[in-house]
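K.L.:
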Amino acid sequence: IYYTARGLAVLPKWSKALGGGALAVGLVLCCRGYFSPAYQAQLGQAFFYGYEDCLKAAEAAATGDIYVTDSIEQPYISYLFWDKVPPKTYREQAVKEDAYSAFEKVVQIGRYHFTLPKDGTQLAPGSALIVTPDEAQALAGQNGTRQDFGNYVLLLTL
């Protein structure tokens, strides 16, 4: 801490000697390197990068049920927020796995299923799957189309 404070105390002197512009350019370049695309890709998973766009595309394209990966922590919360689902609709349509556990696990709201179908389950034509790229590779045998949205993939069955 001492060396950091000592280094920061010298900044005003350097700013006068180098000119304020040089210091500003240096800080911008430093921040640009720190917040690079690699940094964004690393943090993208924590902020569900692409999930909202994937949900909107699935809602527009799918005529059947929509299945969302369960590798996301409580994906139904983001769905409720982005789709602006009224609380009354949530209370009426939410299907919970264990309603009496410490934390609710919502598995379905309307046509949205917040878990992937079991292995071997045949999906109806027009269904959609929102999965991670790794899960999409495992499901590559499904007959349908694929769209990539950041850290998520939309698979539409034909």
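Using our numbering, you'd call the opening residue of the sequence shown number 758 and step up by one each time.
Note that CB positions come from ideal geometry on N, CA and C, so glycine has one too.
Where does residue 826 sit, in a helix, a strand or coil, going by DSSP?
P.N.:
The count along the sequence shown starts at 1 and reaches residue 826 at position 69. Of the three classes helix, strand and coil, the one that applies to residue 826 here is coil, per DSSP.
K.L.:
If you drop the 5 nearest sequence neighbours on each side, which residues of the same chain put their C-beta closer than 6 angstroms to that of residue 820?
P.N.:
Within the sequence shown, numbered from 1, the residue matching residue 820 stands at position 63. Once the five neighbours on either side are set aside, the close Cβ partners of residue 820 are 883.
K.L.:
Can you give, in chain order, each stretch of the alpha helix (DSSP H) that sits fully within the stretch 799-875 and has at least 4 residues?
P.N.:
Runs of alpha helix (DSSP H) with 4 or more residues, each lying fully within the stretch 799-875, are found at 808-818, 832-839, 844-850, listed in chain order.
K.L.:
Quick check on the burial criterion: 16 or more other C-beta atoms within 10 angstroms. Buried or exposed for residue 902?
P.N.:
The sequence position of residue 902 within the sequence shown is 145, counting from 1. Residue 902 counts as exposed, since fewer than 16 other C-beta atoms from the protein chains shown sit within 10 angstroms of its C-beta.
K.L.:
In chain order, what residues of the same chain have a beta carbon less than 6 angstroms from the beta carbon of residue 886, not counting five sequence neighbours either side?
P.N.:
Numbered from its first residue, the sequence shown carries residue 886 at position 129. Here the set comprises 824, 912.
K.L.:
Tell me, please, which residues DSSP counts as bridged to residue 896.
P.N.:
One-based indexing of the sequence shown puts residue 896 at position 139. Residue 896 is not bridged to any residue.
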